[in-house]
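Worksheet: the structure to be examined is printed underneath.
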Amino acid sequence: MKHLFAFLFLLGITFSLSAQSVRERILLDDGWQFAFGNASSPEKDFGCGTEYFNYLTKAASIHNEGPYSLKFNPEKWGVGWKTVNLPHDWVVDLPYAKEASHSHGYKAVGYKFPENSVGWYRKTITVPQEDLGKHLYLQFDGIFRDARIWINGFYLGHEPSGYATQVYDITEYLNYGEENLICVRADATLEEGWFYEGAGIYRHVWLNKTAPLHVAPFGTFVHSTLAAPFDKAKLTIETTVENSGLQTEDYRLCHILRDADGKEVARCETAGKPVLPKDRQLTVGEIALDKPYLWSVDTPYLYTLLTEVYQHGKLVDAYTTTTGIRDIRFDADKGFLLNGQPLKLKGVNMHQDHPGVGAGIPDALQVYRLKELKKFGCNAYRSSHNPMTPEMLDACDSLGILVIEENRLTGVNEEHTRLLKRMIDRDRNHPCIILWSVGNEEWGIEWKESGTRIAATMREYCHRFDPTRLMTVASSSGPAILIPADVAGYNYILQNPVEQHRKDYPGRRALGSEETTGCGTRGIYFDAHDKGHMVAHNRKPNGPDSLLNCIERGWKFYDERPYLAGLFYWTGFDYRGEPNPMKFPATGSQFGILDYCGFPKDEAWYLKSWWTDEPVLHILPHWNLQGHEGDSIDIWVYSNCDEVELTVNGKKLDRKPMPRNGHLSWKAVFQPGAVKAVGYKNGKKILARTVETTGAPARISLTADRPVIQADNRDVAVCNIELQDKKKRFVPTACNDLTITVSGPVRILGVGNGDPAYQATERPADADARTYQVKAFNGLAQVLLQSTGEAGEATLTVVSENLPETSCVLKLQK
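Residue numbering for the sequence shown is -19 to -1, 1 to 795, as defined by mature numbering (1 follows the signal peptide of the UniProt record, and there is no 0).
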């Protein structure tokens, strides 16, 4: 983990001292001022656009006194502004409302709540006088949504999508040597997705400084060509050089390839043709490499390319690109191949929110979520249903997780293709990405000829923007939209005649873009719909076409058919919104293999059994079933052992062989006691597990994901809380109220517990609060602690009524 975070840090800075001197990339996440506007009343929206000569009529009207003006007087409006750091999702702090959007988790945001649906952000920066003559631009990685941006009262532009990276040239608008005001208005009145999306500047903001002659934003495309036996690679380096100056300029490029230790392994130089003022030029170079280290899911080896721009013999720009050398192929008979070897995709779909922070997930928490998925054998990730956060892709590169990155909106007009190109241009250097997805369950066109035409056109755009990767589209049942797809995406085998399509289209390459996991609440084994909880459909005794054993049925189907590349379960984590089939008070989905906090549900252990080589033996349900004494209970075991023997309250039951990709089950009458499973491999006992009826909660156990975090005002420690009885056994039914207290250089960023119906606020209203409350859910809770920027030690203390307090210590280092 230490090495991963060091690598991610290096991605945010330039590669060498010479690069640092000619290009700066400055993070602007800290110290923003935030206030609510109003979506329906300009008078309550700081008069935005109502001024005499408003921001749309003049370059910078002298009459402007709105939030985008340096003359703005907050006291005039009687609205409180508070300081926030990015990433920031203001919906986290809003209440729940039964009349609010079901798909977005019943949060009080959207067209019914105009007072909560517009947010304003302001930040001042000082640009030194010596920067005059440089090229400066702002980069917003994600604002949800309908964002308008100003600098010093100059209107920079508008981005309707909440998922698109935005880049604005601010060179001519700056006051050099003085303060400069950045202002953002985000309007989340309308939804883009059918899931929780949050609101606000939920991704990073950057200030970039370069020479007038420089590599354009996202201006390199580094791709490799390999052929068996994969001991030689050719790197093609496409570089777009931009001249923002007013004179034609000559240049040459020097590309330096360095290995993971920073050692130079190859270089090449290319001469560019004169580039006109305010124009761009593409230059192509090549590097040959013998015996390259290949990027794979097990050894995700990364190289770094430094591109230097020379003007009249002087270094004027240096741009770094991280790349991995690998060969990816989809085959109609062999499925997916990585570096010539068939590899089954063991994937999940994911939305981008987490308890306590909503859509504004810090980088360290992104890594934590991926690592939790990898523990259970996951090797692939589909970004449902929008482009990913750049730092998430960096983490997938480093961890060896394959990615299908999905565009937000299907279509072929200028707006659609603009967003598609922006995603591909930004992310095409990531070795983790194996496919571009252009749509999901487009019910209006899946069955129609228009769907075929639209998908075919989008495929051609994908190939134009990136000729090294294929395109997919995910269909819930309509065959027409799949006809032009390079790789067909099947959403659910119960809805798609996959085997019939194999006969009808024998050359089709295909995968399972979505498959059901089970849909249930962690630790719930008897229906409690009135509480927003339910038993996993995975274990309900329904008919053959129902959701019975759906997680098992899905994996068996794809594993038994080599021509299918693999599958992506819906979903990896639970997420806010879409609590189907539940209604209020349920506010979150229950589709996840892991719950909203990342605590595993039973089905996670099924996947770990068949997705990893690690011995697994998992018993369900737990044995704290008080109130069901005398009832017949179905006991299931997930395992990859050859055989499993079960003992219930001292009575041995059958020893059964484990079917491949299956599970075992027994029936027993519940009485308090113990259930013990013993696993055998090649006739020998290799594993034993026991679940017991525990006592009442008597102690609290605390575990941080890392003992040391960076003192940088951004890093986050994930602290998990477990309630145990006096014998230190996990109590799976405990729902105690917990009080958390911190001391030292950390803040309480947020809390959660994985309950899909939890409606308490998940972070303190005061960012400097030293204490907060959270309720455990079925024995577990979670606290997110964030560095405040100072080095030292921090202590987290948790206490509950009649239980002794427990503490853990974190070290924070510069």
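Even glycine gets a Cβ: it sits at the ideal position worked out from N, Cα and C.
Between the C-alpha atoms of Asp467 and Met452 there is a straight-line separation of about 5 Å. Short of 7 Å from the beta carbon of Pro713, and not among the five residues preceding or following it, lie these beta carbons of its own chain, in chain order: Gly504, His603, Asn605, Asn759 and Gly760. In this structure, the CA atom of Ala340 is about 45 Å from the CA atom of Gly611.
Nearest Cα to Gly12 within the set Asn54, Phe34, Pro68 and Ser2: Pro68. Ala169 is positioned such that its CB atom lies closer than 7 Å to that of Ser98. Of the residues assessed, Ile382 falls on the buried side of the cut-off, its CB having 16 or more other CB atoms within 10 angstroms. Following the DSSP letters along the chain, one finds Asp168 in no alpha helix (DSSP H) but inside the beta strand (DSSP E) bounded by residues Glu160 to Asp168. Secondary structure note for Lys402: its alpha helix (DSSP H) is the uninterrupted segment Glu395 to Asp408. For Thr438, there is no enclosing beta strand (DSSP E); the enclosing alpha helix (DSSP H) has its first and last residue at Glu430 to Phe446.
Residue range Asp583 to Trp592 is occupied by the alpha helix (DSSP H) that includes Tyr587. Annotation: His204 is outside any alpha helix (DSSP H); the continuous beta strand (DSSP E) that includes it extends over Leu194 to Leu207. Between Gly100 and Gly18 the beta-carbon gap is near 7 Å, inside 8 Å, which marks them as a contact.
The three-state reading of DSSP puts Pro566 in coil, since its state is none of H, G, I, E or B. Residue ranges of uninterrupted beta strand (DSSP E) with 3 or more members, entirely inside the region 117 to 145 and ordered along the chain, are 128 to 132 and 135 to 140.
Note that the C-beta distance between Leu75 and Val90 is below 7 Å.
Under the three-state reduction of DSSP, Trp617 is assigned to strand. Within the model, the alpha-carbon separation for His482 versus Leu463 is close to 10 Å.
For Asp718, the secondary structure class from DSSP, reduced to helix, strand or coil, is strand.
In this structure, Ser418 is the residue among Phe446, Ser418 and Asp447 with its C-alpha nearest to the C-alpha of Ser456. Looking at the DSSP output, Gly731 shares a beta bridge with Leu765. Between the region 220 to 235 and the region 183 to 197, the count of C-beta pairs closer than 8 Å reaches three or more; the two stretches touch. Restricting attention to Phe53, Ile151, Thr146 and Pro109, the CA atom closest to the CA of Glu160 is found in Pro109. Secondary structure within the region 313 to 400: the beta strand (DSSP E) runs of 3 or more consecutive residues, fully enclosed, are 316 to 319, 326 to 331, 361 to 364 and 383 to 387 (chain order). Looking at Gln476, Lys52, Val656 and Ala546, the one whose alpha-carbon comes closest to that of Val618 is Val656. When secondary structure is reduced to three states using DSSP, Asn189 falls in the strand class.
A residue is called buried when at least 16 other Cβ atoms come within 10 angstroms of its Cβ; Gln691 meets this threshold and is buried. If you draw a straight line from the Cα of Gly569 to the Cα of Tyr362, it is about 21 Å long. Contact between Pro566 and Gln754 is ruled out by a C-beta separation of about 19 Å, above the 8 Å threshold.
One thing to note: Arg728 has its Cβ within 7 Å of the Cβ of Gln767. Following the DSSP letters along the chain, one finds Tyr539 inside the alpha helix (DSSP H) bounded by residues Cys531 to Asp540.
For His236, the uninterrupted beta strand (DSSP E) run begins and ends at Glu230 to Arg239, by DSSP.
DSSP places Gln481 outside any beta strand (DSSP E); the residue lies instead in the alpha helix (DSSP H), whose first and last residues are Val479 to Asp485. Between the region 386 to 398 and the region 413 to 432 there are three or more inter-stretch CB-CB distances shorter than 8 Å, so the stretches are counted as touching. Relative to the Cα of Met331, the nearest Cα in the group Trp591, Lys356, Glu387 and His599 belongs to Glu387.
In this structure, Tyr49 and Gly123 do not form a Cβ contact; the two beta carbons are roughly 20 Å apart against a cut-off of 8 Å.
Rounded to the nearest whole angstrom, the C-alpha separation of Phe125 and Ile7 is 22 Å.
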